[in-house]
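Novice:
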Amino acid sequence: VRQQSQITSFFSLG
Amino acid sequence: MLELRLLQGGLLKKVLEAMRELVTDANFDCSRSGCSLQAMDSSHVALVALLLRSDGFDHFRCDRNRSMGMNLNHVAKLLRCAGNDDIVTLKADDDGDTVTFMFESPKQDKIADFEMKLMDIQSEHLGIPEAEYQAIVKMPSQEFARICRDLSTIGDTVVISVTKEGVKFSTKGDIGSANIVCRQNTTVDKPEESTVIEMKDPVSLTFALRYLISFTKATPLSNTVTVSMSSDLPMVVEYKIADMGYIRYYLAPKIDE
Chain A
611 VRQQSQITSF FSLG
Chain B
11 MLELRLLQGG LLKKVLEAMR ELVTDANFDC SRSGCSLQAM DSSHVALVAL
61 LLRSDGFDHF RCDRNRSMGM NLNHVAKLLR CAGNDDIVTL KADDDGDTVT
111 FMFESPKQDK IADFEMKLMD IQSEHLGIPE AEYQAIVKMP SQEFARICRD
161 LSTIGDTVVI SVTKEGVKFS TKGDIGSANI VCRQNTTVDK PEESTVIEMK
211 DPVSLTFALR YLISFTKATP LSNTVTVSMS SDLPMVVEYK IADMGYIRYY
261 LAPKIDE
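Protein chains in written order, with the numbering used here: chain A, 611 to 624; chain B, 11 to 267.
#1: Looking at the C-beta of isoleucine 138 of chain B, does it have a partner C-beta in chain A at a distance below 7 Å?
#2: Going by C-alpha to C-alpha distance, which of B/Leu22, B/Leu89 and B/Ser238 sits closest to glutamate 140 of chain B?
#3: Between the beta-carbon of arginine 30 of chain B and the beta-carbon of leucine 89 of chain B, is there less than 7 Å?
#4: With 16 as the cutoff for other CB atoms within 10 Å, does glycine 186 of chain B come out buried or exposed?
#5: When you compare each of B/Arg156, B/Val98, B/Asp68 and B/Phe38 to lysine 120 of chain B by their alpha carbons, which one comes out closest?
#6: Name the chain A residues that come within less than 8 Å of methionine 50 of chain B, Cβ to Cβ?
#7: Assuming the contact rule is C-beta atoms closer than 8 Å, alanine 228 of chain B and alanine 36 of chain B should be a hit. Round their C-beta distance to whole Å, please.
#8: Please list, in chain order, the chain A residues whose beta carbon lies closer than 8 Å to that of lysine 264 of chain B.
#9: Spatial neighbours of leucine 261 of chain B within its chain, please: C-beta separation below 6 Å, excluding the five flanking residues on both sides.
#10: For the segment 99-117 of chain B and the segment 155-168 of chain B, state whether three or more C-beta atom pairs, one from each stretch, are separated by less than 8 Å.
#11: Less than 8 Å between the CB atoms is what I'm expecting for threonine 63 of chain B and cysteine 40 of chain B, so what's the real figure, rounded?
#12: Starting from phenylalanine 154 of chain B and walking both ways along the alpha helix (DSSP H), at which residues does that stretch end?
#13: Compute the beta-carbon to beta-carbon distance between isoleucine 190 of chain B and isoleucine 223 of chain B, rounded to the nearest angstrom, for a pair I have assumed lies under 8 Å.
#14: Looking at chain A, is there any beta carbon in it that lies within less than 7 Å of the beta carbon of valine 98 of chain B?
#15: If you follow the beta strand (DSSP E) that lysine 127 of chain B is in, where does it begin and where does it stop?
#16: Does DSSP put phenylalanine 225 of chain B in a helix, in a strand, or in coil?
#17: Give me the Cα-Cα distance between methionine 126 of chain B and leucine 623 of chain A, rounded to the nearest whole angstrom.
#18: Would you say glutamate 134 of chain B reaches chain A, if we count a Cβ-Cβ gap shorter than 7 Å as a contact?
#19: Less than 8 Å between the CB atoms is what I'm expecting for histidine 281 of chain B and glutamate 153 of chain B, so what's the real figure, rounded?
#20: Would you mind listing the alpha helix (DSSP H) stretches within the segment 180-217 of chain B that are 4+ residues and don't spill past its ends, in chain order?
#21: Would you mind sorting cysteine 91 of chain B into buried or exposed? The rule is 16 or more other CB atoms within 10 Å of its CB.
#22: Alpha carbon to alpha carbon, what distance is there between methionine 50 of chain B and serine 180 of chain B?
#23: Taking any Cβ of chain A, which residues in the segment 23-35 of chain B have a Cβ under 7 Å from it, in chain order?
#24: Note down, in chain order, every chain A residue with its Cβ under 9 Å from the Cβ of tyrosine 260 of chain B.
#25: When the cut-off is 7 Å and only beta carbons count, does leucine 215 of chain B lie next to chain A?
#26: Report the option in B/Arg258, B/Ser232 and B/Gln144 whose CA atom is closest to the CA atom of proline 212 of chain B.
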């Protein structure tokens, strides 16, 4: 099963 | 004082239609270099980044950097009151909490102004690093929209694979499965009808189709779309906005548990 990842786990705040 | 004038008001309508399904509230950040917007969808799976450079406007005045919070559905509704050929001007005072949209008919015989309250939106700004992508596919935007729509009749997710053979879009669902392969095709008469594949390494990623379908609301902005993919990064779907900038959508992939 593939899970949906989130944008925030690839790009950092700032 | 902020004053942005665009002879092609219809362009602004298209820009709003391209974002409002994905994002409800967003800040328009204006500076001397232009207007930009960055916002995530509510589930933080997709991000939209808009750039409209100041030199693409017919008149652009921005005395002080401004971040103007707006409900995109409200802006889209307002812009529907403008004719496609109307000249649209946005005006805001430096310290005001409203923005005024002025619509002028091409013959200048009808002038309307709509004032809208600005919102205070706390949004997280993400740093998007420059990246080298393993594969970049440029194709007709209508073709990309058609593929996403057609595959959604079968499944909820799409596997996009780029190899030397071309780009393959695959899906599976309760009723069956589907594959659509597009090969590189640069022999057509018009460059906007060609499919160009730049591949450093083969790449295969899985995405939720409903986000891609939201992205294709930008199809009226450009004849072509560019899809960039790397195995460890969100995909980028970019529509150029002629002479002004771009709208880019970033989509996080589905990954193995």
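Beta carbons: idealized from backbone N, C-alpha and C, even for Gly.
Specialist: With the given structure in hand:
#1: Nearest CB-CB separation between isoleucine 138 of chain B and chain A: below the 7 Å threshold.
#2: B/Ser238
#3: no
#4: exposed
#5: B/Val98
#6: Ile617 and Thr618
#7: The C-beta distance from alanine 228 of chain B to alanine 36 of chain B rounds to 15 Å, too long to meet the 8 Å contact threshold.
#8: Arg612, Gln613, Gln614 and Ser615
#9: Ala56, Phe217, Tyr221, Pro244 and Met245
#10: No: the two stretches stay apart, fewer than three of their Cβ pairs being nearer than 8 Å.
#11: Checking the displayed sequence, the identity of residue 63 of chain B turns out to be arginine instead of threonine. Wrong, their Cβ atoms sit about 12 Å apart, outside the cutoff.
#12: Boundaries of the alpha helix (DSSP H) around phenylalanine 154 of chain B: 151-161.
#13: That belief does not hold up - the Cβ atoms of isoleucine 190 of chain B and isoleucine 223 of chain B are roughly 15 Å apart, past 8 Å.
#14: So, not an interface residue.
#15: 121-127
#16: helix
#17: 30 Å
#18: yes
#19: Any question about residue 281 of chain B goes unanswered here, given that chain B covers just 11 to 267.
#20: none
#21: exposed
#22: Rounded to the nearest angstrom, the two C-alpha atoms are 26 Å apart.
#23: So the list is empty, because no residue satisfies the distance condition.
#24: Ile617, Phe620 and Phe621
#25: no
#26: It is B/Gln144 whose Cα lies nearest to the Cα of proline 212 of chain B.
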